[in-house]
Amino acid sequence: MLLLSIFGLGLVAQFVQPVGDALEGKAYLGGAVLSLMGYVLYSEVQRLNAALRPAVRETVLTRDLRQHFDEALRLREARIDAIGFTGETVVYQVSRSLEDLHDGARPRVTMRILVPDFTKPMEIPGMLNGEGKAEDDEVFRAELLAKVREYERNMTALARRLDIDRKAELDPQFRVLHISPFLRFCLINDEQLFDGIYDKVEKRPANESPDRQVLDLMGYHTSLTRWHIDAGAAAREKCTQRKELFETLWGVARPLTPSAS
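So the sequence shown is numbered by the working numbering: it starts at 2 and just counts up by one.
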């Protein structure tokens, strides 16, 4: 408004002699005002750029990941890579995002989930022995493996429904590897990383035998650190490191179900 006022005043001074005479010799003042306005505008643009730029890192609750999946699915292509305990969090939230797509959206979505190999002995998840120490629990591992296989079947069935309804082209892939169950992160299109660990081990009665105490990992209510490649060198390096780690582990892992349908 100030710049428009200066312009209007200058225009009046050009055609109205008294106004022009009154402003004569005030060129330096006008230049100073314009310089001040230029500085103010530059500062405002810098402030807006800083506000729009993603933070180098920020905290995101696991249960709030869906909004980021929703944003990714607005693109024509989306890839979601995740390492987790059973994959439940990603499967559940991505499924909801996909089911809420409008007909005809048809993004091409690749989802790759890597989970621990529950066919191999491990102490956590596991159970407490008579001395209160952790030891392998074959029954509990079988339950976890069955749960992961159910997620795989559900996502495969969802892919068929989405294709019939012309909502999306989904390619869900599950692989297993003998890795730490505490490791967890999720990459969206190689540009957003949600990084963390399972930071709570819960002691609870086993489902089929309340007298037996199992050690289970909890993660749905924990926090993740969000990194975005647009936030600077540190964030880009972090995303690149996790991408390289995922590709390495994925390459040496084996399919969850060798003859998955």
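In this text, a Cβ means the ideal position worked out from N, Cα and C, and glycines have one as well. Model, not experiment: these values are computed from the prediction.
Could you tell me which of 147, 146, 148, 172 sits nearest to residue 158, measuring between CA atoms?
-> 172
Would you decide whether residue 90 is buried or exposed? Buried here means 16 or more other CB atoms lie within 10 Å of its CB.
-> buried
Put residue 183 into one of helix, strand or coil per three-state DSSP.
-> coil
First and last residue of the beta strand (DSSP E) that includes residue 79?
-> 78-84
Consult DSSP for residue 100 and reduce its assignment to one of helix, strand or coil.
-> helix
From the DSSP output, read off the bridge partner residues of residue 227.
-> 59, 195
Contacting residues, own chain, Cβ-Cβ under 7 Å from residue 46 (five flanking each side not counted) | Residue placement at residue 46 is flagged as unreliable, the pLDDT there being 47, under the threshold of 50; a coordinate-derived value is accordingly withheld.
Span separating the alpha-carbon of residue 96 from that of residue 169 | 11 Å
Beta strand (DSSP E) segment containing residue 127, residue limits = 127-129
Do the segment 237-257 and the segment 172-191 make contact, defined as three or more Cβ pairs closer than 8 Å?
-> yes
Pull up the DSSP beta-bridge partners for residue 176, would you.
-> 115, 256
Compare the C-alpha of residue 112 against each of 236, 63, 74 and name the closest.
-> 74
With a cut-off of 8 Å, do at least 3 Cβ pairs link the segment 99-116 to the segment 232-244?
-> no
8 Å CB neighbourhood of residue 192 in its chain, flanking five on each side removed | 229, 230, 231, 240
How about the segment 60-78 and the segment 113-129: do they share at least three Cβ pairs that are nearer than 8 Å?
-> no
Candidates 244, 225, 257: which alpha carbon is nearest residue 65's?
-> 225
Residue 72 by DSSP, collapsed to three states: which one?
-> helix
Nearest-angstrom Cβ-Cβ length linking residue 81 and residue 189, presumed shorter than 8 Å | 6 Å
Compare the C-alpha of residue 119 against each of 143, 207, 212 and name the closest.
-> 143
Given that a residue counts as buried once 16 or more other Cβ atoms are within 10 Å of its Cβ, and exposed if not, what is residue 235?
-> exposed
Span separating the alpha-carbon of residue 70 from that of residue 88 | 15 Å
How many angstroms separate the CA atom of residue 220 from the CA atom of residue 187?
-> 13 Å
Reference residue 107, options 85, 208, 79, closest by Cα | 79
Buried/exposed call for residue 1, threshold 16 Cβ in 10 Å | The shown model of the chain, from 2 to 262, leaves out residue 1, and the question about it has no answer.
Nearest candidate by alpha-carbon position, reference residue 1, set 151, 247, 139, 161 | Outside the displayed span of the chain (2 to 262) sits residue 1, for which this structure offers no information.
Distance, Cα to Cα, residue 148 vs residue 59?
-> 31 Å
Can you name the start and end residues of the alpha helix (DSSP H) that residue 148 belongs to?
-> 139-165
Just checking my contact of residue 202 with residue 138 at CB under 8 Å: how many whole Å lie between their CB atoms?
-> Incorrect: roughly 13 Å between the Cβ atoms, too far for contact.
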